[in-house]
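Engineer: Here it is: the structure, laid out below.
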Amino acid sequence: MPCDDTWLSKERAETAVNKKVGRKTSIPPRFTKKTKLKLSEYLKNMATPEIEAANGAPKIDIDKAVTELKARKKKLEDTMFSFVHCRDGKSPFQLFYVVFRYDFGPMGASGHVDRFADWMVKDVKSGECFRADHLIKNAAEKIIADKKAEEATKSALQDVLARLEGFDDKDMQEVITKFGFKSPTTGNDLTPPIAFNLMFPSQIGPTGDFKVRSYPMVLFSACNQMDGQPAVSMTIGEAVEKGIVANETLGYYMARTHMYLVKVGVDSRRLRFRQHLGNEMAHYAQLVAEKKLDEPRTVNVVEVVPNMAVLGKEFKKDAKRIQIALAQMSEESIESLEKQIQTEAFKLKVDDDEFSLTSNMLSVKRSTKTVHVEEITPSVIEPSFGIGRVMYAVLEHSFRQREGDEQRTFLALRPLVAPIKCSVLPISANERLNPIIEAVCEELNRYELSHRVDDSAGSIGRRYARTDEIGIPFGVTVDFESEKEPWTVTVRHAESMEQIRVDVTELGSLVSALSSERMDWDTAKRMYPIFEAKSD
C-alpha cells in the first residue's frame with residue numbers, strides 16, 4: 001500500500017505500470033522538482049476563469065480532473081486510516097493528522113470559560129469569608145421555612161432564589177441590604193461582594209490570606225544551591241527519610257516521573273530534580289480550600305485560652321509566638337497539655353525555642369460551634385514541566401553525530417516514541433521488486449506499524465541517512481536477494497547501522513517487538529543472521 005505522501009501523479013505514469021505488470025500497484029510514481037512545480041502552478045490556475053477562457057478549456061474536462069483529484073485524495077485517506085486500529089467499532093483516531101481543537105461542550109467547561117469567579121462576602125470583624133450566593137440561599141431558605149415569617153417576605157425571597165443564578169455583585173448586595181442578612185456564624189455585618197477569582201489573579205498574592213512556604217523538591221536542595229554544593233544522588237526512599245522530599249506521595253510521583261522520562265528517551269545522566277528557592281515559588285504553593293457543607297453542623301471545640309497578661313510579663317516579645325503556637329495545637333495535644341499542666345510545667349516548643357508554661361498562664365476551654373464550611377488542605381502536585389519541555393529534552397538528548405563524520409547527524413529516538421517505526425527502501429527502481437514491497441507493506445500494516453516507503457532517486461546510503469535524520473529507528477531494505485524463495489529482506493538498526501536478514505512473513509512480528517521494546521536489538525541479532533553490507 002502507498003506509504004509516503006507523494007500521491008498526486010500523471011495518469012499515464014500509473015496506468016503504464018498497471019498494463020505492463022497486469023495488476024494494480026501501490027508504488028507511487030516519482031517526479032522531478034520541475035514537474036511538481038509545473039503541476040502545482042497548473043492546479044492553482046485551473047479554477048481561474050480568465051485562464052479557462054484563454055485556453056478554451058471545456059468545463060467538462062475541468063470537472064473530470066477535479067473528480068479524479070478527489071478520488072485520489074479519498075484513496076490516500078483510506079490508506080492512512082488503514083494504519084490505525086478501530087476500537088469498539090468507533091471511528092479510528094487520526095494518528096497522522098491530529099486537528100488541535102478543544103471542545104468545551106454545551107456548558108462551556110462548566111461555565112468556567114465565560115466566568116471563572118465567585119462573589120464573596122466577608123465578616124467585617126472576624127474576616128471569615130462566605131460565598132455570597134450560598135449565604136443568600138441558606139438565609140432565604142431559613143426564612144421561608146419559618147412559620148412566623150410574613151408571606152410577602154417569603155414570596156419576595158422565593159423570587160430571589162429563582163433569579164439568584166444570574167445575580168451580579170450589585171444584585172447580591174441589594175438583597176443582603178434589603179433583608180438584613182448577617183454572618184451566619186457571628187451575626188456581624190458583611191462587606192459588599194467582591195470577585196474571588198478561582199484562577200488566582202494578581203490580587204490574590206503572597207500578601208493575601210493564603211499561607212506561603214517553600215515546597216520541597218528533591219536531590220538538588222535549596223540549601224545545596226545556596227551553599228554552592230553539587231546535586232546529591234540518592235534513592236527516593238533516602239530522600240523521604242532525610243526530609244528532602246516532603247512525603248511519600250511526592251516521592252512516588254517523582255519516581256514515576258523519572259521512570260517515564262527515561263522511558264521516552266531522556267538521558268538519565270543528564271536528569272535531575274531541583275528544589276525551587278523561596279523567591280521562585282508560586283504564591284499558591286500551599287493553600288487551604290473550603291468545602292461548603294450540605295447542612296450546618298454543631299461540633300465540639302477544645303481550645304487553649306492564653307492569659308496574655310501573664311505571658312506578656314513573663315516572655316515579653318515571645319508571648320505572641322506562644323499564642324500562635326497554642327492556637328495551632330491539635331485536640332490530642334491540648335488534652336495532653338491539660339493533663340500534664342495540672343502536676344508540672346508544660347514544655348512548648350516553638351521553632352528552635354522551648355518555653356515552660358504553668359497553669360496560671362493558660363486554661364483549656366470546651367464549647368460547641370456551628371460549622372458551615374470544612375477546611376481542606378489539598379495534596380496537589382503541580383509539575384513545572386509540560387509536554388513541550390519533555391519533547392524538547394527528548395529531541396535534544398536523541399541528537400547524535402556519526403563517529404568520524406560530524407556532518408552525518410541523526411536522531412536516535414526510542415522506538416517506543418518514534419512516530420514512524422520503520423522505512424521501506426527498495427535498493428532499485430526495478431519493477432521486479434514491486435511484489436515484494438507490497439508484501440512488506442501488507443505485513444507491516446497487519447501489525448499496525450507506521451512506515452514510509454522511500455523509493456526516491458539516490459543511493460541507498462543517502463536514503464538511509466535521510467531516514468536516520470528524521471528519527472526512524474529501523475529500515476527494511478528490499479534487494480535482489482529478496483527475490484529468492486522464501487522472500488527475505490534486511491532490517492537495519494539506525495543507531496548502530498547493523499543489519500539482519502529476515503523472512504518477510506516474520507517481519508511484522510519482529511518490528512512490532514522491537515518498536516514496543518519487548519525485544520532489544522542484541523536479542524534480534526542472536527535470533528537472525530547478520531547481513532554484512534557495504535558501508536553506509
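Residue numbers (UniProt numbering): 1 to 536.
Glycine included, every Cβ here is placed at the ideal spot set by N, Cα and C.
(1) Does Thr-177 come out as helix, strand or coil in the three-state DSSP assignment?
(2) Please list the terminal residues of the continuous alpha helix (DSSP H) segment that includes Thr-315.
(3) When you compare each of Ser-336, Leu-190, Glu-77 and Thr-79 to Ala-132 by their alpha carbons, which one comes out closest?
(4) Could you give the first and the last residue of the continuous alpha helix (DSSP H) run that contains Pro-426?
(5) Within the continuous beta strand (DSSP E) that includes Leu-357, where are the two ends?
(6) Can you tell me the Cα-Cα spacing of Thr-490 and Val-394, whole angstroms?
(7) Select from Ala-156, Glu-469, Leu-164 and Gly-265 the residue whose C-alpha is nearest the C-alpha of Gln-401.
(8) Applying the criterion that 16 or more other CB atoms from any shown protein chain within 10 Å of the CB defines a buried residue, is Ser-356 buried or exposed?
(9) Could you have a look at Lys-242 and say whether DSSP puts it in helix, strand or coil?
(10) What distance in whole Å lies between the Cβ atoms of Leu-411 and Gly-508, which are believed to be in contact at a cut-off of 8 Å?
(11) Just mark Asn-434 as buried or exposed, buried being the case when its beta carbon has 16 or more other beta carbons within 10 Å.
(12) Could you pull the start and end residues of the beta strand (DSSP E) that Asp-479 belongs to?
(13) Just to confirm my understanding: we take Trp-521, look at its own chain, exclude 5 residues before and 5 after, and list those with CB closer than 6 Å. What are they?
(14) Under a Cβ-count criterion, where at least 16 other Cβ atoms within 10 Å of its own Cβ denotes burial, should Leu-69 be classed as buried or exposed?
(15) Have a look at Gly-265 and Lys-74 and give me their C-alpha separation to the nearest angstrom.
(16) Taking Ile-500 as the reference, give the member of Lys-484, Gly-475, Gly-312 and Arg-518 with the closest Cα.
(17) Please name the residue, chosen from Glu-303, Ile-322 and Val-304, that lies closest to Gly-312 on a Cα-to-Cα basis.
(18) What is the rounded straight-line gap between the Cα of Phe-104 and the Cα of Ile-381?
(19) For Lys-525 and Ser-515, I'd like the C-alpha separation in whole angstroms.
(20) Among the residues of its own chain, which have a CB less than 8 Å from the CB of Glu-354, if the five just before and after it don't count?
(21) How should Tyr-464 be labelled, buried or exposed, when 16 other C-beta atoms within 10 angstroms of its C-beta is the threshold for buried?
(22) In terms of residues, what are the limits of the alpha helix (DSSP H) holding Gln-158?
(23) Three-state secondary structure (DSSP) at Ile-194?
(24) Alpha carbon to alpha carbon, how far is Leu-157 from Ser-126? Give it in angstroms, no decimals.
(25) Since Arg-526 is in the alpha helix (DSSP H), which residue starts that stretch and which ends it?
(26) Using 10 angstroms around the beta-carbon of Ile-176, count the other beta-carbons present and answer buried if the total reaches 16, otherwise exposed.
(27) Indicate the three-state DSSP secondary structure (helix, strand or coil) for Lys-125 in the structure shown.
(28) Taking the DSSP output, what are the residues bridged to Phe-399?
(29) Quick one: residues in its chain with C-beta nearer than 6 Å to the C-beta of Pro-296, no 5 flanking neighbours on either side, listed in chain order?
(30) Can you grab the Cα-Cα spacing for the pair Arg-256 / Leu-416, in whole Å?
(31) What residues match up with Asn-434 in a beta bridge as DSSP calls it?
(32) Run through DSSP, which three-state label would Val-350 get?
(33) Which residues bound the alpha helix (DSSP H) around Arg-463?
(34) Leaving aside the five residues before and after Pro-106 along the sequence, list all residues of the same chain whose C-beta is less than 7 Å from its C-beta, in chain order.
(35) Would you mind giving the Cβ-Cβ distance between Ile-436 and Val-504, rounded to the nearest angstrom? I have them listed as a contact below 8 Å.
(36) Going by other Cβ atoms of all chains shown within 10 Å of its Cβ, with 16 needed for buried, is Met-391 buried or exposed?
Structural biologist: Result, derived from the coordinates:
(1) helix
(2) The residue you asked about is not Thr; residue 315 is Phe in the sequence shown. Looking at the DSSP string, the run of the alpha helix (DSSP H) that includes Phe-315 is 308 to 315.
(3) Leu-190
(4) No alpha helix (DSSP H) contains Pro-426, which is instead part of the beta strand (DSSP E) from 422 to 426.
(5) 353 to 357
(6) 28 Å
(7) Glu-469
(8) exposed
(9) coil
(10) No, Gly-508 and Leu-411 are not in contact; Cβ-Cβ is about 24 Å, not under 8 Å.
(11) buried
(12) Run containing Asp-479: none; DSSP gives neither H nor E here.
(13) His-493
(14) exposed
(15) 36 Å
(16) Gly-475
(17) Ile-322
(18) With a pLDDT of 44 at Phe-104, under the threshold of 50, the modelled position of this residue cannot be trusted; read the value that follows with caution. Using only the alpha carbons, I get a separation of about 24 Å.
(19) 15 Å
(20) Lys-347 and Leu-348
(21) buried
(22) 151 to 163
(23) strand
(24) 27 Å
(25) 521 to 527
(26) buried
(27) coil
(28) Leu-411
(29) Thr-370 and His-372
(30) 17 Å
(31) None; Asn-434 has no bridge partner.
(32) strand
(33) 460 to 469
(34) At Pro-106, the pLDDT of 46 sits below 50, so the modelled position is not reliable and the matter cannot be decided from this model.
(35) 7 Å
(36) exposed
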